[in-house]
Every structure is written in structure tokens, then in C-alpha cells.
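Since the structure comes first, as C-alpha cells, the remarks are kept for the end.
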Amino acid sequence: MNFLPTDIDGAYLIEWQPLDDVRGYFARTRSNDEFAAHGLSNDLSECSMSFNKLRGTLRGMHYQAAPHEETKLVMCVGGQVYDAIVDLRPDSPSYLQTFGAELSLANRRMLYVPAGVAHGFITLEDSSYVQYQIGGNYVPDAARGVRWNDPQFAIDWPRQPAVISDRDRDFEDYKA
Numbered sequence: 001m002n003f004l005p006t007d008i009d010g011a012y013l014i015e016w017q018p019l020d021d022v023r024g025y026f027a028r029t030r031s032n033d034e035f036a037a038h039g040l041s042n043d044l045s046e047c048s049m050s051f052n053k054l055r056g057t058l059r060g061m062h063y064q065a066a067p068h069e070e071t072k073l074v075m076c077v078g079g080q081v082y083d084a085i086v087d088l089r090p091d092s093p094s095y096l097q098t099f100g101a102e103l104s105l106a107n108r109r110m111l112y113v114p115a116g117v118a119h120g121f122i123t124l125e126d127s128s129y130v131q132y133q134i135g136g137n138y139v140p141d142a143a144r145g146v147r148w149n150d151p152q153f154a155i156d157w158p159r160q161p162a163v164i165s166d167r168d169r170d171f172e173d174y175k176a
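Per our numbering, the sequence shown runs over residues 1 to 176.
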């Protein structure tokens, strides 16, 4: 795996390296040793999947409040998404900075999202599937979000959302 640091402290864009042969390919998408070598949490105890029917579906910007923060490893396993994160950790050197990247099976990229960083994405193709490996347990009462188009973050989304939940649309701007 190739670990590419992002502008967000502790967040990495990870490119997995396939081993090709006549059958297709095989690739490792997580290694405790390689994650530890980069100072990343290996405690990815839950796995979730989202299916998004239509291009332009936006999910986010989600995070969990302390002390229930979640680490995420996000991979698009079908279709294509633009994945965005914003650092909400007041003590972080990258506090309030954003990062975004396209994820797809074709570009073989994943995004490692540290605990305390909000996450969201917009689909760039119909029938996009996103897999999340999550560190920490989901606690419904700790679920939080900030508005996807909060001017304070100025995330450079590649398109306007066509589909968004009421909950995600109605999140408030972030208050530091």
C-alpha cells in the first residue's frame, strides 16, 4: 500500500497495489503492521456499506462527539464518489482545514479519516457503493454533523447535490 499524507493531520489517501495475473488481481487493503508504521489506528472493529442509487447523492458531513469519536477507512467499491473531510479537532495543527479526493474501484484509493474529523461524500455515478471500516462503536446519541456547504469550510464539491437527506440538509454551520 502507498500512504499519501493529506492536508489533514493524521489523514491519509491510501492507494492499494494489486498483484496482477491472468485471473485478474489480488490486493491487500489493510495491514496492521503497515498502519502501525504510519501511526494509524488498527482498531477498525465495525464494517458498514452504503448503496447510493443516483449520481449527486450527498451524505455528510458526519462525526461522533467525544468521547465516542470514530476512525474510518473509506473505500468506494462500485461507482465513484468525491469524498471530503474537515478537521474538527481544536488542538490539531490542521483544525478547520479540508481535504477531498475522488475514490473509485478504478483508481484504487481509500481515505483514512482520523477520529474527530467530519466525513462526507457525493456520488459521481449512479449505483455507487461505499464501504466503511470503522474504529469505535456507533453511539446514536453522539452522532453529529455540520452543513455540507458551510462557507467556513468552503469544500470544493464537484457538483451540487441532487439527493440529500433532510437531516444532512438541515445540519447547522459549525460553531467553533
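We put the CB at the ideal spot given by N, CA and C, even for glycine.
- Bridge pairing for GLU102: TYR82 [DSSP].
- DSSP lists LEU111, TYR132 as the bridge partner or partners of VAL74.
- Sequence-distant Cβ neighbours of PHE153 in its own chain, meaning closer than 6 Å and more than five residues away, are VAL86, THR98.
- Per the C-alpha coordinates, the member of GLN80, ASP33, GLU69 positioned closest to SER50 is GLN80.
- Minimum Cα-Cα distance from ALA101 among the listed residues PRO114, ILE134, ILE122, ASP21 corresponds to ILE122.
- When rounded, the separation of the alpha-carbon atoms in LEU88 and ARG23 is 44 Å.
- In terms of CA proximity to GLY39, PRO5 leads the group PRO5, ASP91, GLU172.
- In this structure, DSSP gives ALA143 an extended state, which the three-state scheme calls strand.
- Sixteen is the threshold: since fewer than 16 other Cβ atoms of the shown chains lie within 10 Å of the Cβ of CYS47, the residue is exposed.
- Taking ASP150 as reference, the option from GLU69, ARG28, GLN133, GLY60 with the minimal CA-CA separation is GLY60.
- Closest by C-alpha distance to PHE3, out of TYR25, THR29, ASP20, is THR29.
- A Cβ-Cβ distance of about 15 Å is found for the pair ARG55 and LEU103, leaving them out of contact under the 8 Å criterion.
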